[in-house]
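Student: The sequence shown begins at 72 in our numbering and counts up one residue at a time.
Below: one structure in structure tokens.
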Amino acid sequence: MIAKLFRWFFRMKGWTITAPIAPNIKKCVIIGAPHTSNWDFVYGIGALECFNMRVNFLAKKELFRFPLKGMFVRMGGIPVDRSGKNSMVDAMIDVFKAREDLMIIIPAEGTRKRVEKWKSGFYHLALGANVPVVLGFLDYEKKLAGFGPALYMTGDEIGDMAKIRDFYKDKTGKIPEFFNIDAVRLSR
């Protein structure tokens with residue numbers, strides 16, 4: 072029912088939902104980019120519904136309060152305490168190793184605003200859990216949503232990020248000036 076509603080929504084908006092994740096991929100880290108607007112959440116969830124995918128996402132723990140907590144948990148949300156010194160990457164690697172199926176979507180930019188470098192957590196998580204990074208996208212200019220290639224990170228950050236940058240170079244966010252293609256490199 073929800074998938075039908077989103078298919079109608081995308082059709083009315085002139086969007087095409089394309090390129091699902093290959094069915095043989097059971098575990099992965101999905102990058103959601105460009106991430107420039109709160110609308111990315113709506114369009115992203117809608118595209119996932121159209122693909123009939125169950126994907127988890129990380130969100131700041133402050134969002135997991137009444138009245139939104141139940142909705143976020145049902146949608147696959149995992150609350151994150153951003154104030155602690157614990158390694159969230161190490162904890163998530165253990166979760167990946169313990170589960171047979173887990174797809175988690177991460178906005179690598181870490182915020183909707185323009186950034187100079189992407190957060191490195193997605194990279195280290197995929198490398199440590201030995202799962203591919205799937206390049207998810209919303210292209211507001213072309214009105215396309217979907218997934219690009221699944222890439223295994225090699226440990227060569229410069230080379231790996233060059234492949235990711237090449238994929239996203241022609242994608243346009245809802246607020247184009249907030250997506251900085253030159254930021255597709257890792258923060259230290």
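Ideal placement from N, C-alpha and C gives every residue a C-beta, glycine not left out.
Let's test the definition: count the other Cβ atoms within 10 Å of the Cβ of residue 111 and tell me whether it reaches 16, buried, or not, exposed.
Tutor: Residue 111 should be labelled buried.
Student: So the alpha helix (DSSP H) residue 139 belongs to, where does it begin and stop?
Tutor: That residue, residue 139, is in no alpha helix (DSSP H); it is neither H nor E in DSSP.
Student: Quick one: grab the DSSP three-state call for residue 220.
Tutor: In the structure shown, residue 220 sits in a strand (DSSP, three-state: E or B).
Student: Between the C-alpha atoms of residue 246 and residue 167, what's the straight-line distance to the nearest angstrom?
Tutor: Going by the C-alpha atoms only, they are around 33 angstroms apart.
Student: Below 8 angstroms, can you find three or more Cβ-Cβ pairs linking the region 196–216 to the region 138–151?
Tutor: In short, these stretches do not touch, since the Cβ pair count stays below three.
Student: Taking the alpha-carbon positions, what's the residue 76 to residue 129 distance?
Tutor: Their backbone Cα atoms lie some 25 angstroms apart in a straight line.
Student: Reducing DSSP to helix, strand and coil, say where residue 96 ends up.
Tutor: Three-state result, residue 96: coil.
Student: Would you please verify whether the beta carbon of residue 216 is less than 8 angstroms from any beta carbon of chain D?
Tutor: The chain labelled as chain D is not found in the depicted structure, where only one protein chain is given.
Student: With distances taken from CA atoms, which of 95, 134, 101, 184 is nearest residue 175?
Tutor: For residue 175, the nearest C-alpha among the options comes from 101.
Student: Can you have a look at residue 218 and say buried or exposed, based on whether 16 or more other CB atoms are within 10 angstroms of its CB?
Tutor: Classification of residue 218: buried, given that the 10 Å Cβ count is 16 or more.
Student: Using only CA atoms, which one of 208, 236, 196 lies nearest to residue 98?
Tutor: Of the listed residues, the one whose Cα sits closest to residue 98 is 196.
Student: With a Cβ-Cβ cutoff of 8 angstroms, do residue 96 and residue 205 count as a contact?
Tutor: Cβ distance < 8 angstroms, so residue 96 and residue 205 count as in contact.
Student: Measuring straight from C-alpha to C-alpha, what distance separates residue 177 and residue 103?
Tutor: Going by the C-alpha atoms only, they are around 6 angstroms apart.
Student: State the Cα-Cα distance for the pair residue 78 and residue 117, rounded to the nearest angstrom.
Tutor: Rounded to whole angstroms, residue 78 to residue 117 spans 8 angstroms at the Cα level.
Student: For residue 179, which of helix, strand or coil comes out of DSSP?
Tutor: In the structure shown, residue 179 sits in coil (DSSP, three-state: anything other than H, G, I, E or B).
Student: Residue 189 and residue 179 - do their beta-carbons sit closer together than 8 angstroms?
Tutor: Cβ distance < 8 angstroms, so residue 179 and residue 189 count as in contact.
Student: Report yes if the C-beta distance between residue 88 and residue 121 is below 8 angstroms; otherwise report no.
Tutor: Taking 8 angstroms as the Cβ cut-off, residue 88 and residue 121 qualify as a contacting pair.
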